[in-house]
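Heads up: the sequence shown at position 126 corresponds to 126 in my numbering, and the numbers run straight through without jumps.
Reviewing the structure listed below.
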Amino acid sequence: MTAEALAAEYTTTADMGELAPYAGGPDLTDAASHNGSVQLTWEDGTQADFPLMWLRDHCACTQCRHPQTRERLVRIIDLPETLPEPAVTLTESGALHLEWPAMEGFGVHESLFDAGWLHQRADASRADPLDVDRKTPWTSAIADALPVVDHHAFMNTEAGLSDWLQALDRYGFAVLRNGPTEPGEVIRVAERVGWPRETNFGRHFDVVSMPDPNNAAYTAVALEPHVDLPNWQRPPDFQMLYCLANESEGGESTLTDGMAVARALRDRDPEAYRVLTETEIDFRFQDESSDIHYRAPVIGCDDYGNPTVLRFNNWIRDTLRLPAAEVDAFYRAYRRFWQMLRDPAWTLRFMLRPGEMIAFDNLRVLHGRDAFDPNTGHRHLQGTYLDRDLIRSRQRVLERSRA
Ligand code: OGA
Ligand code: ZN
Ligand code: ZN
């Protein structure tokens, strides 16, 4: 049902200034103010306490929230630190109405809250739906059920775009098929989602074997599983590689769920995992015009020790600056992780065809390729990067009309 249809079905009187649908939730059955908050009960039995300052801060009237930008105008700093009790009523249409008595510098003020909007916010601990971890770890067996989306469906239908976005969430990669082989298509694909992220390699980059390469990818050598740009404080979240030509001998592509491998390393060799998560090492790219450096562990973790960011890229690794006593332990752990990343049981192998594109979560899924022989035919990929914020933004905007 579209947002408009929802709004028509459940007549709302309170415009909350949100584009995400909120109307149509359970009705409020009770509201009472005591001890500095308003206690609400909905017909589905949900109960929640909303502190007075929270309610006043979220007033959606046109003085408190800009009707055009939908951004907050009300400033709690202008209000007394302790608010007087408002008169609380439920309107006929089930909205919460508050009438705030006049207070220093302010006349009487009315706030109206949609019951569905409040219901969505009843549980403050509920995460944004996109923050719920939907990652499905995978092994080489994913070859039998590849997340593939048709290029035409991706470019022209919401369902195609949405399938692709969901595959990125779930598997950390998605394949587009049957696209054109016009140069620049990778940018048109990126623009279907958001704005490509420009780097020292440009708005897009051409992966071809070239005479004066400034990067291993621009040669014909094999690329071991790696992430791109670990030498940046903020490496790109997602990468896209679009195949325009692939006629050389060799050059098969690989993808590896590095996060799944890192978890397996934690189980099988906790000491190696500890070393790779605790030891900061240097990554550096240098050419005539740039010198981009960052120091971080190979496996970045959250507070619970779960891997969140991988920085595995052997050719971008700079001088190993570690106390001599730590060097052997580092190399041992690094070798162990590398051996697992190379294991065919974890590796998805495939030949990219012209008009195909892989997109992958650059912090989770490692990519690689076999060496190829440029004398046997032309091989040309074009790549670009995308920020996770834009991927999620597109998902949220799509969800508005699917709610
Ligand atoms: C890259 C890369 C892989 C390939 O450009 O980042 O890893 O198949 N390329 O050429
Ligand atoms: Zn207001
Ligand atoms: Zn790469």
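Glycine included, every Cβ here is placed at the ideal spot set by N, Cα and C.
query: Nearest-angstrom Cα distance between ALA3 and LEU19?
result: In this prediction, ALA3 has a pLDDT of 46, which is less than 50 and means its spatial position is unreliable; what the coordinates show is noted afterwards. Note on geometry: alpha-carbon atoms of ALA3 and LEU19 lie some 9 angstroms from one another.
Contiguous beta strand (DSSP E) assignments of at least 3 residues, all confined to the region 72 to 142: List check, beta strand (DSSP E) in window: 87 to 90, 96 to 100, 109 to 113.
field: Residue from ALA14, THR41, ASN35 with nearest C-alpha to PRO26
entry: THR41
field: Under 9 angstroms between C-beta atoms of ASP237 and LEU366
entry: No; because the gap between Cβ atoms is not below 9 angstroms, this pair is not in contact.
Residue span of the alpha helix (DSSP H) that contains ARG177, given as start and end: First-last for ARG177: 173 to 177, but that is the beta strand (DSSP E), not the alpha helix (DSSP H).
field: ASP303 to ARG295 span [Cα, whole Å]
entry: If I take the Cα positions, the gap works out to 19 angstroms.
field: LEU241 versus THR69: straight-line alpha-carbon distance, rounded
entry: In a straight line, the C-alpha of LEU241 is about 36 angstroms away from that of THR69.
message: Going by the DSSP bridge assignment, what does PHE350 pair with across the sheet?
response: SER253
field: Near ligand 2: CYS61 beta-carbon under 8 angstroms from a heavy atom
entry: Yes, since a heavy atom of ligand 2 falls inside the 8 angstroms radius drawn around the Cβ of CYS61.
query: Quick one: does the C-beta of CYS64 sit closer than 8 angstroms to a heavy atom of ligand 4?
result: For ligand 4, the structure offers nothing, since it holds only ligand 1, ligand 2 and ligand 3.
field: Other residues of its chain near ALA95: CB distance less than 8 angstroms, five sequence neighbours each side excluded
entry: THR12, THR13, ALA14, LEU28, LEU112, PHE113, ASP114, ALA115
- prompt: Is it buried or exposed for GLY172, if we count other Cβ within 10 angstroms and need 16 for buried?
  reply: buried
message: Only counting the same chain, and skipping five residues up and downstream in sequence, which positions put a Cβ closer than 7 angstroms to that of GLU85?
response: SER33
field: Given ARG369 as reference, the closest of MET103, THR279, ARG342 once Cα atoms are compared
entry: ARG342
- prompt: Assuming ASP373 and GLU198 make a contact with CB atoms under 8 angstroms, what is their CB distance in whole Å?
  reply: Their Cβ separation, rounded to whole angstroms, is 32 angstroms, which puts ASP373 and GLU198 out of contact at 8 angstroms.
SER33 - DSSP class collapsed to helix/strand/coil: strand
task: Provide the residue(s) that pair with ALA48 in DSSP beta bridges, ordered along the chain.
output: Answer is LEU40, bridged to ALA48.
message: With three or more beta-carbon pairs closer than 8 angstroms as the criterion, would you say the region 181 to 200 touches the region 272 to 279?
response: no
message: Taking 8 angstroms as the cut-off, is the C-beta of GLN382 nearer than that to any heavy atom in ligand 3?
response: no
Contact between the region 217 to 226 and the region 311 to 328 (3+ Cβ pairs under 8 angstroms): Yes: the two stretches touch, three or more of their Cβ pairs being nearer than 8 angstroms.
query: Does DSSP put THR199 in a helix, in a strand, or in coil?
result: strand
- prompt: With respect to the alpha helix (DSSP H) encompassing GLU278, which residues constitute its N-terminal and C-terminal limits?
  reply: 270 to 278
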